[in-house]
Structure formats: structure tokens, C-alpha cells
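Asks:
Numbering (the numbering used here), first residue to last: 6 to 957.
#1: Taking the straight line between their C-alpha atoms, what separation do you get for residue 660 and residue 644?
#2: Can you tell me the Cα-Cα spacing of residue 875 and residue 199, whole angstroms?
#3: For residue 592, collect the residues of the same chain with a Cβ closer than 6 Å to its Cβ; drop the 5 residues on either side in sequence, then sort them by chain order.
#4: Looking only at DSSP bridge pairs, what is residue 356 linked to?
#5: Would you mind stating whether residue 770 and residue 301 have Cβ atoms separated by less than 9 Å?
#6: Restricting to Cα atoms, I'd like to know which of 556, 898, 26, 735 is closest to residue 375.
#7: Using a Cβ-Cβ cut-off of 6 Å (strictly less than) and excluding sequence neighbours within five positions of residue 598, which residues of its own chain qualify?
#8: So, with DSSP's three-state summary, where would you put residue 524?
#9: Which same chain residues, not among the five before or five after residue 523, have their C-beta less than 8 Å away from its C-beta?
#10: Exposed or buried, what is residue 40 when buried is set at 16 or more other beta-carbons lying within 10 Å of its beta-carbon?
#11: Tell me, please, which residues DSSP counts as bridged to residue 529.
#12: Find out if the Cβ-Cβ distance for the pair residue 904, residue 785 is shorter than 9 Å.
#13: Just the C-alpha distance for residue 441 and residue 416, rounded to the nearest angstrom, thanks.
#14: Is the Cβ-Cβ distance between residue 33 and residue 162 less than 9 Å?
#15: Assuming contact is defined by CB atoms lying nearer than 9 Å, are residue 192 and residue 685 in contact in what I supplied?
#16: One question on the structure: do residue 696 and residue 352 come within less than 9 Å of each other, judged by their Cβ atoms?
#17: Contact between the segment 794-806 and the segment 733-748 is defined here as three or more beta-carbon pairs at a separation below 8 Å; is this criterion met?
#18: Quick one: what's got a C-beta closer than 8 Å to residue 20's C-beta in the same chain, skipping five residues either side?
#19: Pick from 91, 708, 382: whose alpha carbon is nearest that of residue 402?
#20: Mapping the DSSP letters down to three states, classify residue 946 as helix, strand or coil.
#21: At a cut of 8 Å, does the segment 546-562 reach the segment 322-335 through at least three beta carbon pairs?
#22: State the Cα-Cα distance for the pair residue 558 and residue 544, rounded to the nearest angstrom.
#23: Spatial neighbours of residue 490 within its chain, please: C-beta separation below 7 Å, excluding the five flanking residues on both sides.
#24: Can you tell me which of the three DSSP states residue 747 falls into?
#25: What is the rounded straight-line gap between the Cα of residue 85 and the Cα of residue 307?
#26: Using a Cβ-Cβ cut-off of 8 Å (strictly less than) and excluding sequence neighbours within five positions of residue 572, which residues of its own chain qualify?
#27: What alpha helix (DSSP H) runs, 4 residues minimum, are completely inside the segment 793-861?
#28: Does DSSP put residue 540 in a helix, in a strand, or in coil?
#29: Starting from the C-beta of residue 943, find all residues in its chain whose C-beta is less than 7 Å away, skip the five residues before and the five after it, and write them out in chain order.
#30: Which of helix, strand or coil does DSSP assign to residue 392?
#31: Which term fits residue 438, buried or exposed, when burial requires 16 or more other beta carbons within 10 angstroms of its beta carbon?
#32: Cβ atoms of residue 239 and residue 964: under 9 Å apart, would you say?
#33: Which ranges would you report for the beta strand (DSSP E) in the segment 174-234 if only whole runs of at least 3 residues count?
#34: Expressed to the nearest angstrom, what Euclidean distance is found between the alpha-carbon atoms of residue 822 and residue 761?
#35: Report yes if the C-beta distance between residue 879 and residue 946 is below 9 Å; otherwise report no.
#36: On the criterion of 16 or more Cβ atoms from any shown chain inside 10 Å, does residue 985 qualify as buried, or is it exposed?
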């Protein structure tokens, strides 16, 4: 078969015999490929590398920031303002001491600052693919042209024969040709922590899920032990890792709800402003009967355009989100992308992995069956403290000596070590064996002591073919003939006869039981009856149906140490001890977190690569699903169309044995149903779904670099409960953002209406210059807005459903509030403006006739201080709130008021900002009119309270 006729893409290699796979790829297990075949295949398939598609350059990201409609309008205002200043400069119309182009420079500085803020947020390069590439092995050993050679991994081609050994990272996907005790850790791809025992001789059904394909290996996984020979079947982008890379690059980033709302806000503000500008210009032209005052109308229009754009808003939002990230870090949630802080508050569905997030990632023995009794075992994690309970009642070990006997087997037939590190119990070794050492500790059997009582002299190690292991120990007292004088520990008294050695066996319950002929009862053994055998098998099935991993234990007395390789003969006529069922136990705090999710209208969903029985047991225990709820497996999902999945996705809370494509499809189906999805994950297989999800959440402890780079948030403690805490913080941030948007835009509308009114009611000139408006928008609006951003959460923040992520920024009364308060603001300011104009133009006035403009400027600024104090709560009066519960608001009001007065009374600042000196009477009038704003908002609250309504 030529290279040009090689099978394309996804041949189901796990369903083929080895010879058939070799034939399809025209390869030879002993001699490999010839140089000519290698060259042909390299040309056809290309190098064994992950390909990267081009993304946006840094310049493109920067330029995109200036496509924002509000910034474009400000740029236009700056250019027109600059043109008017240039005309005035040429005509010699500048006032003494006036700085030309200061408005233009100030506006452009704000535009550039906002552009840089946006760029910094958006320009963080996606490094997920770079992290994926690190998972590929640089060098690999292959058989080519009958010779063993070491080549660069990128030179591998389909048909190559690759050799594996312990410690290697696998460089391509392939079908096993032969193996010897080969174990591969595939957790990065499948999510399962335990290494997989590979078997070359198997031929599996086509629909076998990724985690169950025991006769194939995958690029990026790691050989834990053993060796193997592999026929390379897929390289580069056709490997499972390559498919993940392709999915990762195919996922397009969607704007967050906050970004969408800010775009909508910009469109509304700019459109409204342009309409108002047109009305003022056309109205002015009609009123004047021509274009004689067009320059004055243009200046009014420029001031209105600057007034309508909340220049300080992007900076306030950025700082608010940054403060939110700091609070979240203290709760073990690291935010990688700033908008994710607010986005968390909109989450309606949390899709969580099981291992390590919902569970402790620690195997814990839950149940023991021995001597026809099932004991429940209590305790958390690896701490060797807990009770044995029978029918809900604690039992003593003296009453149930069979527990001690079984625990000795758990401790002795074991290679793990239990130790205490910095106050925490931890395991060195396999988690399953760690659970058994912990169980023995709960029964008072300490492994270290028993290693000296029963020193190991030989063993038959675990193998995937035998599915069991055995340890041969020497019984010190018996071996030296001192058993009677020294005494033997009661825990093993029933084991001993005259033989000096004991063999303990653990493994598959069915296979271990099949080799047993006797059963240990209390302190003696008896023949194993068929009835007892059936009871044991039934209990094994019951434990497995609860999602437990079950091991069987047995022992045997030996007269001598059996020779190496005699496991088959030695592991016969065993004495059965019992069953041990263990589970990666749920985190104790997750149950409460799941309930908090439900109270907050958020649906938790489990998506795992683990078996469906285990998934169901954990999900039911935590309250994610109810007894009898449907579990959707990867195989069933594979057969579903996207439409069928979309119909079922709201009905299923448990997904088991899923592959990377499945996770991505589940997230997409939920999103098509209008759900706002947070997705957790730690493996490479999770990266595309993490990127697709509205909030991608990676694990900080167990997570791969790939998953972290694709995520929006990293859980530093890998704990589901932390997601719920972060969601609460997201809701608080969004509430506060809405609060200061109401505050800022209410005043902006008041400013615009006040400026528009000046020429229409016949007042000369523009009351506010663009520079003064920038001061208001950045300082007198900005500082109190920042203080409002740290307003503490309301008590019911997690007792209500999430607000729709697609709701308008003006929803739930915000738009009507802005217009209503803006109009009141304008009425107060226009009334003051009319009085001030008459006052400063009255006969005998000693000050500058232009001082009326400074009075308008000061009134607008100080009125905002009352607004800031009143808006802290929608329903409670200011006098009902503790002013020190948010000390920042009080500080912002005091500091901003002082700064505003400095603009009036400090000569250099007065000259730069174009203000005029106000006497105490004029300042008092400004403060009096300003206080009306506070009085109005408080009166609204009283009115709503009387009417029995609650403001939103």
C-alpha cells in the first residue's frame, strides 16, 4: 500500500486486530518503515507538530480599542475643538492668559488612556496552544529499516514503530503491538487520576470511549511503568491532542455581558447626544434667523458631546473589577481576565468536573464486608481516625475481630506510606493503597509496626493480567520457634498454624474469591460454602452499584518462600478475608455550596470522565442529582445530534465517561438554550470547553498549564465551594457597577440638558467648557463612583435567581432612574443658572459677569456629592445607614468638595480651568441649590415606602 492510499483521519484503531492495523498502514512490527516510505509519508502528513492559526496582532488589538463609538465621538470633539482654537489663535481672539488647545489635549489624553486600559485588558496573549506544545516529547525511539534509532518526535509518521518505557512522554497516537506490564497516566486527556493498564491483545467495540481504549496510547500522556511497542497511527493535528488544539483555536471569544452592555450604553448615549446637538443647532439657527452665532452653537455642541460621554466610567469599571479580583484572591479564586469578575454574577449553570473539585481527590474507604456483616467506615481524607459502624451503631474491635484481621492484610499488602506533614495527613504512593493504610490505622493497625511484626520477604507484584498482588511475610515468633513464649498479636492469631510465612493477597474480588477455598470467621477459618460465595459476590455487586471501587482480600499460610514466577501455583487455596469498598469522597463543604447554588437559582452539573455508577453516587450524595435521575454517558452522547442534545441538556445533571468533544458540545448546547455557563476543568481535554464557556475555571493545584491558559479564572484550592463564593462576589460587583452607572449617567444627563438650555433660554455663551466637563466626569463623578464600587453586599444577594446576562444595562428601572434624576438635576441647575445670570448681570454687580458660569459649575459638582450619599441604598434613607459602613464614600465626598473649592479659590487653578471667584453669598446659594438634589432622592424613597413599593 502506498503512502497516498493510507487511511485518512479517524480510523477506529482500537477496534482492529494488531495485524489488521499493520496491514492498513503497510508497516512491519519488526522492521518498521523504509527511508523511502518515511519520506513519502512526511510529504503527505507533514511533521508531527501542532499547528497554530494566526491571531490578532498587538497593533490590531490596540487599534480596535479606538473603534468604540464613544471614543470616536470624543476624537471628533477634540479635532473640532482644536480647529476652533486654531481659528481663534489666528484671529487673535484668545483671552489674556488663555492656553490654546488645552481642551483638545485633555480630551485626547482621556481617549488615549481609555484605549490603553482596553488594550491592557484584552492583549493578554492566549498561551494555551504553547502549553499544549510543551506536552509533546522532543525525542523518541523507533524501529526503522530494521534498526533501532532515536529521532526527533516531529519526524514521526503514521506506520512508524515506536518503543515505550517508563518515564517517557508519548509522542504520537498509536495502536499497541505488544506490551509488558504497561501503565500509562492519561489524566490530562481523560480526567482519570489512576494510571491505565494497557493490553495490546484486546479488540474493542468501535464506540468504546477514550478512557476505555486499553489497546491504544495517546500523544502527551506519560508511561508510568512497563514497556511497549506501538504502531504510530496518528500524528500532528490528527492526534487526540491535535484535535484539542484545533478545537481550542476554533473557539471564538464572545464579548462578556458587561462588554455588551457598555457597547449598548455607548450607542444610546452617542445617538441621544447627536440628536440633542442637532436640536440645539437647528433651534439656535432658527432662533437667530441665520448662522451668525454658529461658532457659539458649535461650542455648545462640543460641550454637550463631552458631557454625554462618561469619560471616567472605563477607569472606574476597571478599578472596580481589579478590587473584585483582590477580594476573590483572598477567597482562593485567581481571576486571569478582568471582565470575568462581573461575568461570574450572571452564571446560571456550573458544569463541574468531579475529581478534586467536588471530591477530595483522596480515596477513602466507605464500607467493609467481612464475616457476613457490612460495616460502614467513618472519617475524612487520609486521617487515620474514624469508627466502624454496624446498622448505625459503633462496634468495638474486640466484638468484631475479623475487622482487625482484614486491616492487617490492608496494611501489610501495601506499598504506600501514611505520614503527617504540617498538620495534614498525606500519602506517599498510590491513592488506593493510601486509603487501605488509613483504614488499617482506624482499626489500630499501624503499618510501620506491622512491617516489623510481619517483615516482607517476597512478593508477586500487581499486573494487569492477574489483577491482584501478593506479599509474603515472615511471622517472627513462629519462624524462630518462640510463638508460644513471645505471644502473637491477637489480630493474626487466627491466621497462624505451624507455617512460618503468611501470604496476603488483594485484587479483583471475583478473581481473588475464585482462588479461595476457605473463609476467615472471627478467630478461625472454615470451608467456604457456595452460599457464602454467592453472598460475597452479591455484596460486591451492591458496592459497585454505589460507585465504590471494591477490592477483595485473602491470605494463606506457607511453609516456605515461593520461588519467583510461581504466582499462579501459589495463589491457590486462599482463605477469604473480606471486601473493602472505597470512594474518592465528596468534599464536606460542597454539599452546602451546592445548596447555596440552588438557592441562588444556579444549576450545578457534573461532567466527568469517570464511570457512571461512581458519578451517580457522588452527584446524588451532594444533591446535584436526585435518586433515579438520568446519567448521560459519552457513548449515548456520541449518538445524539446537536438538536437532540439541546433538547436533553436541561434535563441531565450527570455526564459520565465523556471525551473532549463531548464537553465542548455540552457547553455549546447549554449556551444555545440561553444558559450562562461556568465550566471547570483541569486536564488538556477540558481546554476547548473552558475557552468556549462564558466562564472557564481551571484548577490551580491539579490543573495543567493548558487548562489554566484557556481559563478565565483559576481555583487556587480546586474547591467547588470557592466557585460559589466567587459567584457571590461577581453579583456584588455587578450590583455596584449598576449603582455607580446610575450615579454617573444621571449627572451626565443633567449636564447635557443644562448646557443645551443655555442658548435656548437666551443666556450668552456656554455655561461649561469641555475642560470643566472633563473635570466633572473624571473627578467629581469618578472619585465617589470608585467609593460606591466597594459598597458591601446586600444580605439577599445569593437568595435570588441570577439576573439575565442578556438584560439591557437600562433594565430594572436603571434607565428610568437616570432620565428622571437627570431631568431633576437639570431643573435645579437651570433654575440656579437663570438666577445666577440675572444676579451677575444686575446693575452694580461688583464681580465678573461671567461668574454665573462658575456658579453653575460649582452647583453641578456639589449636587453630585449629595447624590453619592443618597444613592448608597435604593430603599434606606441616608440617616438610617451607618455612614462609616463605607468610609470611602464619606472620604470621597469630603476630598472632592475640597478639590472643587480649590478650583474656585486657588488662583493658578482658577486661571487654568477658567473659573471665577465666588463670594460667600454666591457659594451659599450654590450649596443650597445643590442640597435640593439630596432632598429629592430621599423624598423619592419616602414616597416609595409610603406607596409600598421597593426600588430596584
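Virtual Cβ for every residue (Gly too), placed ideally from N, Cα, C.
Because the structure is a prediction, the values reported are computed rather than measured.
Replies: Per the coordinate set shown:
#1: 14 Å
#2: Cα to Cα, the separation comes out at about 59 Å.
#3: 365
#4: 610, 684
#5: yes
#6: 556
#7: 725, 726, 729
#8: strand
#9: 530, 531, 532, 533, 578, 579, 580, 581
#10: Around the beta-carbon of residue 40, fewer than 16 other beta-carbon atoms lie within 10 Å, marking it exposed.
#11: 526
#12: yes
#13: 7 Å
#14: no
#15: Remark: C-beta atoms of residue 192 and residue 685 do not approach each other more closely than 9 Å.
#16: In this structure, residue 696 keeps its C-beta atom at 9 Å or more from the C-beta atom of residue 352.
#17: yes
#18: Closer than 8 Å at Cβ, skipping near neighbours: 208, 209, 210, 211, 213.
#19: 382
#20: Assignment of residue 946 by DSSP, reduced to helix, strand and coil, places it in the helix class.
#21: no
#22: Near 14 Å, if we compare the C-alpha coordinates of residue 544 and residue 558.
#23: Confidence in residue 490 is poor, its pLDDT being 34 and thus under 50, which makes the residue's placement too unreliable to answer from.
#24: Of the three classes helix, strand and coil, the one that applies to residue 747 here is helix, per DSSP.
#25: 8 Å
#26: Answer for residue 572: 465, 471, 475, listed in chain order.
#27: 819-845
#28: helix
#29: Excluding five sequence positions before and after residue 943, the CB atoms of its chain that fall closer than 7 Å to its own CB belong to 875, 882, 883, given in chain order.
#30: coil
#31: buried
#32: This structure leaves residue 964 out entirely; the chain is present only between 6 and 957.
#33: 178-190
#34: When rounded, the distance between both Cα atoms is 20 Å.
#35: With a cutoff of 9 Å on beta-carbon distance, residue 879 and residue 946 are scored as near each other.
#36: One cannot answer for residue 985 here, as it falls past the ends of the chain, which runs 6 to 957.
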